[in-house]
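In UniProt numbering, the protein residues as written are 1 to 71.
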């Protein structure tokens with residue numbers, strides 16, 4: 001599993017196409033951070049319905065979710 005990917009508002013969502021399934025992702029939208037896990041082929045799965053003020057917290061939530069999916 002990857003340590004994760006951070007995608008800011010300035011970056012293209014095409015970056016998601018390159019990610020392997022299970023990759024944790026933190027995505028910035030309107031200044032808030034959301035946690036996702038890549039499902040592969042550019043698809044992502046949201047991790048809950050909580051946004052974060054900090055990218056590290058969003059990325060950690062995505063990592064925790066990805067780890068739980070592997071077990």
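Cβ atoms here follow ideal geometry from the backbone N, Cα and C, with glycine treated the same way.
Taking C-beta to C-beta, are residue i and residue j nearer than 7 Å?
i: residue 29; j: residue 36; result: no
i: residue 59; j: residue 38; result: no
Taking the continuous alpha helix (DSSP H) assigned at residue i, which residues delimit it?
i: residue 67; result: 55-70
Terminal residues of the continuous beta strand (DSSP E) containing residue i?
i: residue 3; result: Careful: residue 3 lies outside any beta strand (DSSP E) and carries neither H nor E.
i: residue 38; result: 32-40
i: residue 26; result: 24-29
With burial defined as no fewer than 16 other Cβ atoms inside 10 Å of the residue's Cβ, what is the status of residue i: buried or exposed?
i: residue 23; result: buried
i: residue 31; result: exposed
Who are residue i's beta bridge partners in DSSP?
i: residue 50; result: Residue 50 is not bridged to any residue.
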